[in-house]
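This report concerns only the one structure given below.
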Amino acid sequence: MTRKKMRKLSREEAKKRIEELRELINYHNYRYYVLNEPEITDDEYDELFRELVELEEMYPEFVTPDSPTQRVGAPPRKEFGEVRHSIPMLSLQDARNDDELRDFDARIKRVLGLPMNAEIEYVAEPKFDGLSCEIVYVDGKYTLASTRGDGIVGEDVTPNVRTIKTVPMRLLKVQDLPVPERIEVRGEVLMSKKDFQKLNEELARRGEKTFANPRNAAAGSLRQLDPNITAQRRLDFIAWGVGVVEGISFKKHSEVLETLEKFGFKAAKPRRICKNIDEVIEFYHRIESERDSFDYELDGIVVKVNDMELWERLGSTARSPRWAIAGKFKPRQRTTKILDVVYQVGRTGTITPVAVLEPVEVSGVIVSRATLHNFDYVKLMDVRVGDTVVVQRAGDVIPEIVSVVKDKRTGKERPIEPPTRCPVCGADVVKEGAYYRCVNISCPAKLVQALIHFASRRAMDIEGLGGKTAQLLVERGLVKDLADIFYLKKEDILKLPGFADKSAQNLIDGINRAKQDVPLHRFLYAIGIPNVGEFTAKLLADKFGSLEKLMKATYDQLLQIEGIGPEIARSIVEFFKEKRNIEVINKMFKAGLKLKEVRKEEVQKSPFAGKTVVFTGALSSMTRDRAKSYVEMLGGRVSNSVSRKTDLVVVGENPGSKYQKAMRLGIKMVNEDEFLEMLRSAGVEV
Ligand code: IVH
Numbered sequence: 066m067t068r069k070k071m072r073k074l075s076r077e078e079a080k081k082r083i084e085e086l087r088e089l090i091n092y093h094n095y096r097y098y099v100l101n102e103p104e105i106t107d108d109e110y111d112e113l114f115r116e117l118v119e120l121e122e123m124y125p126e127f128v129t130p131d132s133p134t135q136r137v138g139a140p141p142r143k144e145f146g147e148v149r150h151s152i153p154m155l156s157l158q159d160a161r162n163d164d165e166l167r168d169f170d171a172r173i174k175r176v177l178g179l180p181m182n183a184e185i186e187y188v189a190e191p192k193f194d195g196l197s198c199e200i201v202y203v204d205g206k207y208t209l210a211s212t213r214g215d216g217i218v219g220e221d222v223t224p225n226v227r228t229i230k231t232v233p234m235r236l237l238k239v240q241d242l243p244v245p246e247r248i249e250v251r252g253e254v255l256m257s258k259k260d261f262q263k264l265n266e267e268l269a270r271r272g273e274k275t276f277a278n279p280r281n282a283a284a285g286s287l288r289q290l291d292p293n294i295t296a297q298r299r300l301d302f303i304a305w306g307v308g309v310v311e312g313i314s315f316k317k318h319s320e321v322l323e324t325l326e327k328f329g330f331k332a333a334k335p336r337r338i339c340k341n342i343d344e345v346i347e348f349y350h351r352i353e354s355e356r357d358s359f360d361y362e363l364d365g366i367v368v369k370v371n372d373m374e375l376w377e378r379l380g381s382t383a384r385s386p387r388w389a390i391a392g393k394f395k396p397r398q399r400t401t402k403i404l405d406v407v408y409q410v411g412r413t414g415t416i417t418p419v420a421v422l423e424p425v426e427v428s429g430v431i432v433s434r435a436t437l438h439n440f441d442y443v444k445l446m447d448v449r450v451g452d453t454v455v456v457q458r459a460g461d462v463i464p465e466i467v468s469v470v471k472d473k474r475t476g477k478e479r480p481i482e483p484p485t486r487c488p489v490c491g492a493d494v495v496k497e498g499a500y501y502r503c504v505n506i507s508c509p510a511k512l513v514q515a516l517i518h519f520a521s522r523r524a525m526d527i528e529g530l531g532g533k534t535a536q537l538l539v540e541r542g543l544v545k546d547l548a549d550i551f552y553l554k555k556e557d558i559l560k561l562p563g564f565a566d567k568s569a570q571n572l573i574d575g576i577n578r579a580k581q582d583v584p585l586h587r588f589l590y591a592i593g594i595p596n597v598g599e600f601t602a603k604l605l606a607d608k609f610g611s612l613e614k615l616m617k618a619t620y621d622q623l624l625q626i627e628g629i630g631p632e633i634a635r636s637i638v639e640f641f642k643e644k645r646n647i648e649v650i651n652k653m654f655k656a657g658l659k660l661k662e663v664r665k666e667e668v669q670k671s672p673f674a675g676k677t678v679v680f681t682g683a684l685s686s687m688t689r690d691r692a693k694s695y696v697e698m699l700g701g702r703v704s705n706s707v708s709r710k711t712d713l714v715v716v717g718e719n720p721g722s723k724y725q726k727a728m729r730l731g732i733k734m735v736n737e738d739e740f741l742e743m744l745r746s747a748g749v750e751v
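Numbering (this note's numbering), first residue to last: 66 to 751.
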């Protein structure tokens with residue numbers, strides 16, 4: 066319910082809704098903490114909680130001591146000792162959009178008696194989605210660590226936190242600063258997305274239960290009675306504040322974080338000292354748009370008044386301080402219903418079950434389809450048509466179904482059966498492991514998908530060749546194998562619906578551009594060798610240097626390469642054994658395809674070897690992806706941001722802030738022509 070609607074409720078209605086919300090929240094708490102089977106997403110839970118908090122704020126007379134708002138988080142588990150926090154570990158109020166951040170700013174000015182045009186200085190930092198923890202240092206020595214628990218009393222996890230490498234056992238000495246007699250450092254215990262994935266893979270291999278997300282994995286790893294298990298999991302600690310401090314004092318929150326860094330902690334970063342709420346909002350948008358590039362899961366930003374003297378004047382409610390707020394990102398999980406299931410045939414013939422959903426908005430995008438991965442997954446989750454499910458969307462990743470809300474079943478749900486024939490060409494299907502595959506090598510569905518992949522940005526990067534065009538080219542018989550793409554004529558394309566003279570010419574130009582000097586690893590990725598993704602393709606290009614050599618490689622030779630296992634080795638050998646594949650590759654060369662094969666010695670000599678390169682602004686002669694892949698092929702590393710570690714910045718048209726930063730740091734810069742010259746000197750024909 067929106068705040069506006071809440072205000073319209075009568076006293077009686079509000080009372081009723083408060084009671085209803087309490088019951089709902091208690092029920093979901095039970096499902097989450099006791100049964101470990103949540104029925105709604107965290108965001109949906111937060112939404113209910115927030116509504117209750119707001120209604121209780123409007124009608125404080127209805128607050129009862131047993132309201133879920135009166136206790137924060139989970140009570141400590143009995144197996145751990147208890148630690149009473151010197152200062153309660155409160156939680157944060159949420160803002161879901163710019164307006165609510167502005168409301169927060171206005172409220173602060175109101176409480177402080179300042180005019181609305183006054184400017185408050187804030188610190189904005191990421192909100193890390195982990196487990197909050199307090200670590201006490203007495204005379205600079207690690208003494209005690211506890212979880213937040215219910216905010217008042219937490220669990221004693223001193224031996225467990227000791228195993229986290231980024232938690233100092235002794236505070237570093239800081240010039241002109243005495244060692245504090247006592248300092249309670251607060252922060253988040255986290256597991257990186259990468260380590261979470263690795264851990265889950267390992268658990269799955271051992272047949273053990275996996276974790277739903279990095280936060281649960283961090284919590285499960287920290288709250289282990291045997292600290293040796295915690296030690297085996299790679300946890301991290303990022304500090305975001307302090308509790309009691311004795312022996313030193315702070316005036317500003319930014320000073321707290323800087324000092325914690327000097328003491329040897331990782332502190333919340335990137336952070337920005339904002340002159341006013343507009344700058345906070347800018348930061349909020351920036352971090353949300355960059356959310357996927359962080360090593361850790363973020364669920365928002367935290368905004369804090371920088372001047373700590375104001376903290377006392379602003380005070381706190383029972384649950385949260387008035388000097389800080391969380392700017393939440395749009396939720397990535399929502400519940401919805403499965404209306405139907407369709408079967409999609411991929412480029413290797415794999416048949417993927419795809420759920421057709423009642424459309425639902427997930428982090429700003431309407432989602433109406435989600436992958437069910439394979440039929441083992443369907444069986445494991447016991448997902449059925451008609452089920453209410455939780456869908457998740459993260460960045461560019463295909464939306465997926467993460468859980469089924471079984472309590473919502475009515476009995477009318479229909480099981481999802483594997484197909485007996487290919488849904489596109491009607492051929493037989495075979496089961497290979499968890500997957501069903503169409504056996505027809507010339508199934509048109511495979512070719513369409515193969516073509517889409519071949520032309521995609523990270524493969525051959527053919528501008529203007531997307532899904533629709535690929536479908537049309539195959540349907541009209543203009544493309545019968547991948548090589549046909551290089552034989553297309555403008556007249557052929559003009560026959561396709563939706564193409565005019567200019568767009569047809571653009572596509573032809575795009576195809577011609579894409580066949581020049583293709584880095585070997587891109588080509589290997591593009592031709593769709595089963596089990597060869599970008600990473601393996603790079604590995605192969607690096608080891609063999611030429612297509613010819615790779616084609617001659619034996620199974621045993623391939624197996625010797627670190628990172629290549631029996632399955633990949635077999636796929637490669639079988640791919641090149643297939644006469645048809647060789648014919649298609651040769652046909653591509655006949656059409657003028659040129660690979661850029663680089664030998665190790667050349668890489669070592671190249672002007673990019675071992676260098677970190679950053680691009681800013683648009684390039685006119687090639688796409689950014691192609692430029693990046695040349696640098697990587699020649700032994701360089703491409704980074705997205707400028708820092709002191711950057712060796713070279715390539716400046717295109719209309720460069721962004723990276724250009725200014727590079728100027729400030731005095732980093733070497735080249736323009737597009739100079740960049741092309743560098744490529745040419747390394748043997749790339751551009
Ligand atoms: S400041 C009074 N800063 O978010 C509470 N919290 O919902 C002050 N969190 O319990 C908290 N990143 O576990 C703060 N940069 C950050 C944070 C952060 C994550 C967590 C923390 C807190 C929860 C509040």
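From the three backbone atoms N, C-alpha and C, an ideal C-beta is built for every residue, glycine too.
Every value quoted in this text rests on a predicted model; they were computed, and no experiment measured them.
Status (buried if at least 16 other CB within 10 Å, exposed otherwise) for residue i
i, result
"Ser314", "exposed"
"Gly205", "buried"
"Glu190", "buried"
"Arg280", "buried"
"Lys555", "exposed"
"Arg399", "buried"
"Gly312", "exposed"
"Lys511", "buried"
"Ser685", "exposed"
Beta-carbon proximity check, residue i vs residue j, cutoff 8 angstroms
i, j, result
"Gly701", "Lys661", "no"
"Val406", "Ala420", "yes"
"Leu516", "Val489", "no"
"Arg227", "Tyr207", "yes"
"Ala524", "Arg587", "yes"
"Leu166", "Gly392", "yes"
"Tyr187", "Val307", "no"
"Lys316", "Met373", "yes"
"Arg247", "Val321", "no"
"Phe127", "Ile90", "no"
"Val454", "Val443", "no"
Chain-order list of residues whose beta-carbon lies under 6 angstroms from that of residue i (same chain, five-residue window excluded)
i, result
"Pro464", "Val432, Ala435, Val456 and Arg458"
"Leu658", "Lys580"
"Asp546", "Val649"
"Arg213", "Gly138, Met154, Ser197 and Gly219"
"Asn571", "Gly529"
"Asp260", "Arg299"
Extent of the continuous beta strand (DSSP E) to which residue i belongs
i, result
"Val454", "Thr453 to Gln457"
"Ile550", "No beta strand (DSSP E) holds Ile550; DSSP gives it neither H nor E."
"Glu253", "Arg247 to Leu255"
"Asn736", "Lys733 to Asn736"
"Glu199", "Leu196 to Val203"
Integer Cβ distance of residue i from residue j, believed to fall under 8 angstroms
i, j, result
"Ser746", "Pro672", "6 angstroms"
"Gly219", "Glu199", "7 angstroms"
"Lys723", "Val696", "Not really, about 15 angstroms apart at Cβ, beyond 8 angstroms."
"Val450", "Ile403", "5 angstroms"
"Val448", "Leu437", "6 angstroms"
"Leu117", "Arg87", "7 angstroms"
Beta-carbon proximity list for residue i, same chain, < 7 angstroms, skipping 5 on both sides
i, result
"Glu184", "Lys340 and Asn341"
"Lys710", "Thr677"
"Val176", "Leu379 and Arg387"
"Glu104", "His93, Arg96, Val470 and Asp472"
"Glu478", "Arg449, Val450, Gly451 and Asp452"
Span of the alpha helix (DSSP H), counted from its first residue to its last, around residue i
i, result
"Ala579", "Asp566 to Ala579"
"Ser722", "Ser722 to Leu730"
"Trp305", "Where Trp305 is concerned, there is no enclosing alpha helix (DSSP H), although the beta strand (DSSP E) it sits in stretches over Asp301 to Glu311."
"Thr415", "Premise fails: Thr415 lies in the beta strand (DSSP E), Thr415 to Val427, not in any alpha helix (DSSP H)."
"Gly219", "From DSSP, Gly219 is part of no alpha helix (DSSP H) but of the beta strand (DSSP E) over Val218 to Glu220."
"Ile558", "Lys555 to Leu559"
Residues near residue i by beta carbon distance below 8 angstroms, same chain, minus five either side
i, result
"Gln669", "Gly700"
"Lys80", "Tyr124 and Phe127"
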